[in-house]
Structure formats: structure tokens, C-alpha cells
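The sequence shown begins at 3 in this note's numbering and counts up one residue at a time. Below is one structure, written out as C-alpha cells, with a few remarks after it.
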Amino acid sequence: MKVNHVRPPVVERCSSCVDASVQINARYDANAEAEVISWFRQLTNTHIEPGMHHVEKALKSGVELLR
Numbered sequence: 003m004k005v006n007h008v009r010p011p012v013v014e015r016c017s018s019c020v021d022a023s024v025q026i027n028a029r030y031d032a033n034a035e036a037e038v039i040s041w042f043r044q045l046t047n048t049h050i051e052p053g054m055h056h057v058e059k060a061l062k063s064g065v066e067l068l069r
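Have a look at this one:
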């Protein structure tokens, strides 16, 4: 039995998307993040890993916000 492998299409980011990402990263405040994580831990007793992507992943669904 022969299996055909289909490659997913290559998605290229537009230059304005990259520019927006750079601007978001430049404005991200690690001190504010630490304060929010601490506040969130006090309210929900939930540990969130520091780092922009960890915080986004932990809060994105809204489940932790409803605790």
C-alpha cells in the first residue's frame, strides 16, 4: 500500500504582521507580568510560568480567569 504524504502549505508572514509582532515584543513589560502573575496566584492559587507565551497560553481560554 502506497501512502502519499501531503505537505501543508507554507504560510509566509506579511511584513506588517512581523512589524506588529516586533512592536508587541518591544512594549512587553516583564515587571508588569510578574505583578499580574503574583496577583493572579493570590486570587486563584494557580501557578503561571513567567514569559509572554506562557502567560498568553495560560490565560487564553479564560478557564483560569473563571476560578
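Built from N, CA and C at the ideal position, the CB exists for glycine as well. Model, not experiment: these values are computed from the prediction.
- DSSP places Glu-35 within a helical segment (H, G or I) once states are collapsed to three.
- Taking 7 angstroms as the cut-off, the beta carbon of Arg-69 is found closer than this to the beta carbon of Thr-46.
- Taking the CA atoms as reference points, Lys-59 sits about 17 angstroms from Asp-31.
- By the C-beta density criterion, Ile-26 is exposed, having fewer than 16 other C-beta atoms within 10 angstroms.
- The Cβ-Cβ distance between Thr-48 and Glu-66 falls below 7 angstroms.
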